[in-house]
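Q:
Number of protein chains: 6
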Amino acid sequence: MVSDTVRSSPRFMHLPTFMRAPLIEDRSEFDIAMVGVPYDGAVTNRPGARHGPREVRSASSMIRAIHPVTRLNPFELCQIGDAGDVPFENLYDIAAVHAEIEAFFRAVGDDGLTSLAIGGDHSVTLPILRALATEGPLGFIQVDAHTDTWDSFMGSELSHGAPFRRAVEEGLIDANRTVQIGIRGAQNSMEGWDFSEATGMRVLFMDEFTQIGAEAAAQEARDIVGDGPTYLSFDIDGLDPAFAPGTGTPEVGGLSTVEALTLLRELRGVQFLGADVVEVSPPFDPAGITALAGATMAYELLCLLSDQSSKKGA
Amino acid sequence: MVSDTVRSSPRFMHLPTFMRAPLIEDRSEFDIAMVGVPYDGAVTNRPGARHGPREVRSASSMIRAIHPVTRLNPFELCQIGDAGDVPFENLYDIAAVHAEIEAFFRAVGDDGLTSLAIGGDHSVTLPILRALATEGPLGFIQVDAHTDTWDSFMGSELSHGAPFRRAVEEGLIDANRTVQIGIRGAQNSMEGWDFSEATGMRVLFMDEFTQIGAEAAAQEARDIVGDGPTYLSFDIDGLDPAFAPGTGTPEVGGLSTVEALTLLRELRGVQFLGADVVEVSPPFDPAGITALAGATMAYELLCLLSDQSSKKGA
Amino acid sequence: MVSDTVRSSPRFMHLPTFMRAPLIEDRSEFDIAMVGVPYDGAVTNRPGARHGPREVRSASSMIRAIHPVTRLNPFELCQIGDAGDVPFENLYDIAAVHAEIEAFFRAVGDDGLTSLAIGGDHSVTLPILRALATEGPLGFIQVDAHTDTWDSFMGSELSHGAPFRRAVEEGLIDANRTVQIGIRGAQNSMEGWDFSEATGMRVLFMDEFTQIGAEAAAQEARDIVGDGPTYLSFDIDGLDPAFAPGTGTPEVGGLSTVEALTLLRELRGVQFLGADVVEVSPPFDPAGITALAGATMAYELLCLLSDQSSKKGA
Amino acid sequence: MVSDTVRSSPRFMHLPTFMRAPLIEDRSEFDIAMVGVPYDGAVTNRPGARHGPREVRSASSMIRAIHPVTRLNPFELCQIGDAGDVPFENLYDIAAVHAEIEAFFRAVGDDGLTSLAIGGDHSVTLPILRALATEGPLGFIQVDAHTDTWDSFMGSELSHGAPFRRAVEEGLIDANRTVQIGIRGAQNSMEGWDFSEATGMRVLFMDEFTQIGAEAAAQEARDIVGDGPTYLSFDIDGLDPAFAPGTGTPEVGGLSTVEALTLLRELRGVQFLGADVVEVSPPFDPAGITALAGATMAYELLCLLSDQSSKKGA
Amino acid sequence: MVSDTVRSSPRFMHLPTFMRAPLIEDRSEFDIAMVGVPYDGAVTNRPGARHGPREVRSASSMIRAIHPVTRLNPFELCQIGDAGDVPFENLYDIAAVHAEIEAFFRAVGDDGLTSLAIGGDHSVTLPILRALATEGPLGFIQVDAHTDTWDSFMGSELSHGAPFRRAVEEGLIDANRTVQIGIRGAQNSMEGWDFSEATGMRVLFMDEFTQIGAEAAAQEARDIVGDGPTYLSFDIDGLDPAFAPGTGTPEVGGLSTVEALTLLRELRGVQFLGADVVEVSPPFDPAGITALAGATMAYELLCLLSDQSSKKGA
Amino acid sequence: MVSDTVRSSPRFMHLPTFMRAPLIEDRSEFDIAMVGVPYDGAVTNRPGARHGPREVRSASSMIRAIHPVTRLNPFELCQIGDAGDVPFENLYDIAAVHAEIEAFFRAVGDDGLTSLAIGGDHSVTLPILRALATEGPLGFIQVDAHTDTWDSFMGSELSHGAPFRRAVEEGLIDANRTVQIGIRGAQNSMEGWDFSEATGMRVLFMDEFTQIGAEAAAQEARDIVGDGPTYLSFDIDGLDPAFAPGTGTPEVGGLSTVEALTLLRELRGVQFLGADVVEVSPPFDPAGITALAGATMAYELLCLLSDQSSKKGA
């Protein structure tokens, strides 16, 4: 198949689709769609995540097929393609953009594909959840420096600091089946932390994560989300700025990539029906390591999704 | 006075106000206000100009007082201060942000001060013109790679590609007293170029500018705007990317800084009642030369404004 | 058509094909093929041009359709597509790689398409010329800091300093219909300069170019190549390092982009049957301005090629 | 209060005072003064720390108020302001500059304020200690790659490699109540290490720190300094270059930010009467993560100082 | 001696030989030769390692003499010099270049010196092993993200992904006395991993390394290589990209520098007869931390080699 | 000869002496000494020029032998070597450092060699002039953004803004045989400009330079300095920041490299007895083009010096 040839060619060649996977023209031939969501209109701080999908695509040429630990090959388990970017017709109205994102992911889902999204700022997870949570609230695993459960900011309830407050309010995620990992950084009020804890989310602050380690964190996450359908959202600012400087709201003292890879790998078996990597901001990434980290986390998520998808199909 | 001491201290010291001028606490003590407008929500391409005011302020510590050619010292001609940034309460709704900008500049003008704005994307010039053009359309000199007279884009009529179409429609600028200098770069339609020329603007494309030179261009601009009140807007992308890589929509083949300095210097005597420098985007400016170019252009504008302001006062 | 929609969408979106043109699947639907040649195995100095096609593609999203001076729209004149990269099977043997390049361009030409190549190091022009010069030596216009007519280096006669010596020897280009523009930089021997001048090439050294200007240089180039079929090769190091730092062998004191754009524009009407832009080396291009300059020069060449191609077709 | 509004506004706005705190005009209204010390004339290696205060100020806009672990809000515990930079009148004579620094910190202390200094090179801690150690030697906690207890270098006894040798000699710090954490890197002689150990300092080399961990290190530090008045100096090169590349004398194999944050947090309760963060060198910090790390460490120190200061006041 | 004076002078001064050691003119005066191998013609991905020796030399000015943990001073134990770069006469033919490398190292060895090589891409280790393994296969300790035991790629069996497959086949290293540490990253086939394990190498994948820690890994490596002559090859991509972004094939989730320093330090006593640090690629290293990490690892290797060499000499 | 071989080898190889010339061990074998002066302790603004000699040396590997316009080969005209850096014993006392510089250049001159110095900040030219002007004041050609004839600053009369005021006062240069080219940038007082003009220097401000062009400027400079012994000092900030961002005090609107190369080339025949290139500051030079510009200017100066030296010897 073309994609195998492409994936085995030198990494600097050819059009950089996600993971050098084929472009999706006919969805019926695919199980998993990787989708770019180049939108950063909802950031509260440094912009640039609109350039994330392009640079993560480029960095993802570095990624190959067979996992070094699990020996899973997602490209053998499933038919995986690059669905391109959500084709926006709006750029300046968060709600309108969110509606376009929701419609696109709903269409992909309606055609039977599981989606792996690459943002874009974290606000884009909200419309994706709206598209996916059609049969009740989802379990939710979030790797992030911030809970993103804050309320309105500078005139909007849809900023990238608010999506999971909205998601709870709209019944898209089940707070009791939600875990937020890597939370840290000072805040001007406790509004977001309080909302998360008051609604029943498990907030695994970074100091506790460091104490218990990635494997125990993964085990706790598995216990929390249980057997039900679950979504995973990986905000690249969950990583320490040494590992991911290219993001809009960096907070020092975060996860190492070893910890993040361990955490994700140990989540195998959770019933994931979607996932994303968000907040890679290339203008702040002079050495390109953030895009590479984002692409690698996306690969780990692809392993989780393909493992689930292949079992579901069996 | 404090600002003189500060301006003579080493350039790496102290809080970086614009040109190391004093912060304005009581407007009645000042003639000219430098104002930051950290907004980039209307860009069509690469964001980052929201960080422009901060980095132009920092680079402007390099700037000193007495002009090497004209020997003007704007700080002796006028009382010049830094009015801080427009204090936004909105961030995600272009029209609302523009209303806040307009209100701030109107208030500064009502207190008798001339403003020099530092953007921010080029959309911010529209509300500034709304604040200033209270007694009829203004003459308008624009240095830019793009005419910014395009119509709606991705759902908005207020993008940074549209402000001067709106300004003509709203009667804020007089197309027959308007000159656009440095225009270049391919376009997907001729809509903007056609609008400029159809309404009577002089569009001095870059190839013609190169032929006639900066001094002739300045003379033509003086002839076009005549004796009436005039506004000058300097989009840093008017400069070539070698001189100003840090901008959202760079177009190769632009003005050198020697040409730009000559052009501005030769506009002395025009009746300027306001000016701005926009579209400095620090995330794309690894060597900081764009912010320095922006600060230097702002200094030239300060010379023009202070020269006018001091004569007006006399 | 899809490409128009894509070309009008925000520049940070979608897969970055050259100029956001459609990927070529069926050559019979296209007139002009843009081809990536990601090879830098023949450099004598700094590598990195293998990454050129990808970054020029990405930067070319900035480019739009209608030329600001000539008002040509190459995408209306011709069907233009992105043919992807030459699909190498060798990477470590210059001659073998050159054979693959030649075969690819020969196949594209056999299908009736004109090619615009994006390198890669300058050695890649040699096999392209081999593919094109099937009916006798071509006229040749080269913009470059170096004549690239040197002999063997470090064990190879195929380094990127030698292609046009080989091209003359092989009868691919007509030295009497060849002009080399922008030549400069000290050399350890006069071998290359001497070869160029001894065989009858016009070597327009940079000091003379500065004296006569871009328009006279273009006129002289037109006179030299005359009415016959001609190839144009633009080595990005013809530009000054201020405008194009990201290249393998920079030489200070080169063309500005204004000069280069004027030069290319004034070559309209020459019977071009192919062209390339080479030696963009992204690892040395922190602000991305070299890739943007390369993309813009490629657009100018596209205008020249499409203008010719459309007349030929008429 | 103004500072609260400012601290809650978007992080890219407004003049970047330290932590977006108000500028101190009347010291009597404040408890804690953050002071910039933009001096790097005593470095032995790469300069640039003179630009530290400005970039740490800018990065500190990222910092907010409430600590994610302790829930302390230093801005509620104390009145905290930015006292600007030490207003130097000398730049080229280390002793003269040190005298100016000492005088400024003495004045701030005489007015009853606790100081948090942001350097500048590490030599600036010496005059600060001179200003503070008015009632006998202080306890001293130092995070650093180097003991900075070396003797004269290239003609001076005041280089940034010598301040704590001088501080012991002058009776400013009590070697028996001193701990140096993170020490590593080869040396040309053992002079400095030997001085530290011979005088009774606890030198916690990096290999031992790694063995025992940050919490045990903090406990040992608390035991060493005991109940007496103590100063904390954080040289950013204590962090690994992955976390803090922007410093004059980087040494690989240092603390992670998780370790540093843990260490500082666990020092709560020590009777700190002053602290500093030094050696952030922005010219070597292309992604800005060193300035952000410096600002975050400064915030942790602010928590420690405000916690002490508020108890003292009670 | 001159080198001591040089090593004690400010780090920004003088010609940057490796570790500021004297240039070797007469080999009979030296015990250990540091050798640059500026070749990257065998990379499969991003080039640039040809610039490695120069930038590692420059960064190594930061390194001094006495080890902070072991207190070894290699410059007292042995006479150590910089032998310059392998003087290539070929650049474009991997086998020819390898022959030149082999000849040079053989000559150095014949003169009784131990070599510490600085690459260059990892292919250069193969000819070095050919020069050294004159009396049977060597023990082999490799720190790397990749096993480099893959077979032919793009027409060559000598790419930097293949050297240790070749080394086993040629009887240069003893697979049963080989350990590969830090292996990670997805692969398109298991060919390389399988070869390593099938021939008896111990492949310590990164996940297991993280579990057991650097000290246990060192102990295991010591057990595997035993008392026989052993070579150590340190591919800088064994480090995580946060610590070493400047390399051709980065893989996230690697060793920290603390782990790497511990690992190397604990290998003291192994009978090393040569070592190298490879794959530092300066064009991808904007903050210079990769070159510094490479220089520091080289210093650790110098300690190991000089410790052995001095005992051998005794 | 060794240096020829080295100069013809690939530019990324071998120890980077200036122009890949041999290191000078025995001065009697050489005519011209290139000398590094890595000192930046007298800057008023951004430091970093101490790293200039090393990076100019590295960039100068790009430079080869035969001039493309004049066809001079300085390495055939004279024996040219790299004398290393001035071996400082002081670093923190400007006067003491200056004394060391003077002594070194005096010794080089006493041995009959002409020196080409690479700074370092511009203060270093003062002690060089002291060493050279042993038989009366010299003619002086300065390319610079600043006259550097200011008086004391922050406690010193020896800052890099003052050397030529001191040089006139000390009778080292003849103001009536002095020309300062490229002067621009606002100033806080006219002290320096006034001193230059009052003492009889020709100050060719940038606006006038632009009007008359580089060739006329060179002619005027030749007329001013006449037949007597003359020194040339090239401050890299004479170039525009687009061409030379890496300097301590950049001023936009400066010379292009084409203009600078023309200017220097046209000075052939002036009786130069020494020259320098100063103020290259690598930490502010992310693309390395400033170091390359500095190396190229140094090569032009080498042509001028060798042309003179060879005639003198004849």
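Chains as they are written, first to last, in this note's numbering: chain A, 615 to 928; chain B, 615 to 928; chain C, 615 to 928; chain D, 615 to 928; chain E, 615 to 928; chain F, 615 to 928. The beta carbon of each residue, even a glycine, is placed where N, CA and C say it ideally should be.
What are the residues of the region 666-682 of chain A that lie near chain C, defined by any Cβ-Cβ distance shorter than 7 Å?
A: Residues of the region 666-682 of chain A whose Cβ lies closer than 7 Å to any Cβ of chain C, in chain order: R668 and S672.
Q: Should I725 of chain E go down as buried or exposed, given a rule of 16 or more other Cβ atoms within 10 Å for buried?
A: By one-based count along the fifth sequence, residue 725 of chain E stands at place 111. Checking the sequence shown, residue 725 of chain E turns out to be Asp, not Ile. Under this definition D725 of chain E is an exposed residue.
Q: Assuming V891 of chain B contacts I732 of chain B under a Cβ cut-off of 8 Å, what Cβ separation, rounded to an integer in Å, is found between them?
A: Taking the second sequence and counting its residues from 1, one reaches residue 891 of chain B at position 277. Taking the second sequence and counting its residues from 1, one reaches residue 732 of chain B at position 118. The pair is a contact, with the Cβ atoms about 6 Å apart (cut-off 8 Å).
Q: Tell me the DSSP secondary structure of V616 of chain D in three-state form.
A: Here residue 616 of chain D corresponds to residue number 2 of the fourth sequence, with the count starting at 1. With a pLDDT of 47 at V616 of chain D, under the threshold of 50, the modelled position of that residue is not reliable, and no figure is offered here.
Q: Just confirm the distance between the C-beta atoms of A759 of chain A and G796 of chain A, as a whole number of angstroms; I'd bet it's less than 8 Å.
A: Here residue 759 of chain A refers to the residue found at position 145 of the first sequence. Here residue 796 of chain A refers to the residue found at position 182 of the first sequence. Confirmed, about 6 Å.
Q: Cβ of L743 of chain D within 9 Å of Cβ of A781 of chain D?
A: What you label residue 743 of chain D is simply residue 129 of the fourth sequence in a count that begins at 1. What you label residue 781 of chain D is simply residue 167 of the fourth sequence in a count that begins at 1. For L743 of chain D and A781 of chain D, yes; Cβs fall inside 9 Å.
Q: List, in chain order, every chain A residue whose beta-carbon is nearer than 8 Å to that of T631 of chain C.
A: Residue mapping note: residue 631 of chain C aligns to position 17 of the third sequence, counting from 1. What T631 of chain C touches in chain A: L629.
Q: Within its chain, find whatever has a CB closer than 6 Å to the CB of P741 of chain A; leave out the 5 residues flanking it on each side and keep chain order.
A: Here residue 741 of chain A refers to the residue found at position 127 of the first sequence. Excluding sequence neighbours, P741 of chain A sits near H712, I715 and E716.
Q: What ranges does the beta strand (DSSP E) occupy inside the region 685-753 of chain A, keeping only unbroken runs of at least 3 residues that lie completely in it?
A: Those beta strand (DSSP E) runs which fall completely within the region 685-753 of chain A and span 3+ residues are 694-699 and 728-733.
Q: Taking Cβ to Cβ, would you say G806 of chain F is nearer than 9 Å to G852 of chain F?
A: Taking the sixth sequence and counting its residues from 1, the one referred to as residue 806 of chain F is at position 192. Taking the sixth sequence and counting its residues from 1, the one referred to as residue 852 of chain F is at position 238. No, they are not a contact pair.
Q: Can the beta-carbon of T932 of chain C be found less than 9 Å from the beta-carbon of T871 of chain C?
A: Nothing can be reported for residue 932 of chain C: it is not among the residues displayed for chain C, which extend from 615 to 928.
Q: Using a Cβ-Cβ cut-off of 8 Å (strictly less than) and excluding sequence neighbours within five positions of L752 of chain A, which residues of its own chain qualify?
A: Along the first sequence, read from residue 1 onward, the residue named residue 752 of chain A stands at position 138. Excluding positions up to five away in sequence, the list reads L743, L746, L786, I787, D788, R791, G842, P843, T844, Y845 and L887.
Q: Would DSSP call S675 of chain F helix, strand or coil?
A: Within the sixth sequence, the letter at position 61 stands for residue 675 of chain F. The answer is helix: DSSP assigns S675 of chain F an H, G or I state.
Q: Measure the beta-carbon distance from A889 of chain A to L730 of chain A and round it to whole angstroms, keeping in mind my assumption that it falls under 8 Å.
A: Against the first sequence, residue 889 of chain A aligns to sequence position 275. Against the first sequence, residue 730 of chain A aligns to sequence position 116. Indeed, because the Cβ distance is near 5 Å, the residues count as touching under 8 Å.
Q: May I ask you to list, following chain order, the residues of the region 700-714 of chain A that have a beta carbon less than 8 Å from some beta carbon of chain C?
A: P701, F702 and L705
Q: Enumerate, from N- to C-terminal direction, the unbroken alpha helix (DSSP H) stretches of 4 or more residues contained entirely within the region 754-807 of chain E.
A: 777-783
Q: Suppose contacts are defined by Cβ-Cβ distances below 9 Å. Is M633 of chain C in contact with L906 of chain C by that definition?
A: Here residue 633 of chain C refers to the residue found at position 19 when the third sequence is read from its first residue. Here residue 906 of chain C refers to the residue found at position 292 when the third sequence is read from its first residue. Result no, Cβ atoms of M633 of chain C and L906 of chain C do not sit closer than 9 Å.
Q: Could you list the residues in the region 854-883 of chain A with a C-beta less than 7 Å from some C-beta on chain D, going in chain order?
A: D854, P855, A856, P859, P864, V866 and G867
Q: Name the residue from F:Y653, F:T619, F:L629 and F:T631 whose alpha carbon lies nearest to the alpha carbon of E893 of chain F.
A: Within the sixth sequence, residue 893 of chain F is the residue found at index 279, counting from 1. For E893 of chain F, the nearest C-alpha among the options comes from F:Y653.
Q: Please report how far the alpha carbon of V817 of chain A lies from the alpha carbon of T861 of chain A, in whole angstroms.
A: Locating residue 817 of chain A in the first sequence gives position 203, where the first residue counts as 1. Locating residue 861 of chain A in the first sequence gives position 247, where the first residue counts as 1. In a straight line, the C-alpha of V817 of chain A is about 22 Å away from that of T861 of chain A.
Q: Judging by CA-CA distance, which residue of C:T619, C:R621, C:S623 and C:D645 is the nearest neighbour of K926 of chain C?
A: Stepping through the third sequence from its first residue, residue 926 of chain C is reached at position 312. If we check each option's Cα against that of K926 of chain C, C:D645 comes out closest.
Q: Tell me, please, which residues DSSP counts as bridged to S847 of chain C.
A: The residue labelled residue 847 of chain C in the question sits at position 233 within the third sequence. Looking at the DSSP assignment, S847 of chain C forms a beta bridge with C:Q756 and C:D890.
Q: The beta strand (DSSP E) with F819 of chain B in it runs from where to where?
A: Numbered from 1 along the second sequence, position 205 holds the residue referred to as residue 819 of chain B. Run containing F819 of chain B: R816 to F819, per the beta strand (DSSP E) assignment.
Q: Checking the sheet assignment: what are the DSSP bridge partners for A647 of chain B?
A: Walking along the second sequence from the start, residue 647 of chain B turns up at place 33. According to DSSP, A647 of chain B bridges with B:G695 and B:S729.
Q: Of the choices B:P630, B:L869, B:L772 and B:F819, whose alpha-carbon is the least far from that of V929 of chain B?
A: Outside the shown range of chain B, which is 615 to 928, sits residue 929 of chain B, and nothing can be said about it.
Q: Rounded to a whole number of angstroms, what is the C-alpha to C-alpha distance between A856 of chain E and R879 of chain A?
A: The residue given as residue 856 of chain E occupies position 242 in the fifth sequence. The residue given as residue 879 of chain A occupies position 265 in the first sequence. Approximately 20 Å between the Cα atoms of the pair.
Q: Is there a C-beta anywhere in chain B that falls below 9 Å from the one on I974 of chain C?
A: Since the displayed chain C opens at 615 and closes at 928, residue 974 of chain C lies outside it and no answer follows.
Q: So which residues on chain D does T910 of chain E lean against when the C-beta distance must stay under 9 Å?
A: Position 296 of the fifth sequence, counting from 1, holds the residue named residue 910 of chain E. Within chain D, the residues near T910 of chain E are G799, A800, E865, V866 and G867.
Q: Going by beta carbon distance, what residues of the same chain come within less than 6 Å of A858 of chain E, once the five residues before and after it are set aside?
A: Residue 858 of chain E sits at position 244 when you count from the first residue of the fifth sequence. Apart from the 5 residues on each side of it in sequence, A858 of chain E sits with its Cβ closer than 6 Å to the Cβ of I850, T904 and A907 in its chain, given in chain order.
Q: Give me the Cβ distance between A912 of chain C and S674 of chain C, rounded to the nearest whole Å; I'm assuming they're in contact under 8 Å.
A: As a working mapping, residue 912 of chain C is identified with position 298 in the third sequence. As a working mapping, residue 674 of chain C is identified with position 60 in the third sequence. Sure, about 7 Å apart at Cβ, within 8 Å.
Q: Could you tell me the alpha carbon to alpha carbon distance between R660 of chain F and G650 of chain E, rounded to whole angstroms?
A: Residue 660 of chain F sits at position 46 when you count from the first residue of the sixth sequence. Residue 650 of chain E sits at position 36 when you count from the first residue of the fifth sequence. Each residue's Cα considered, the two are about 34 Å apart.
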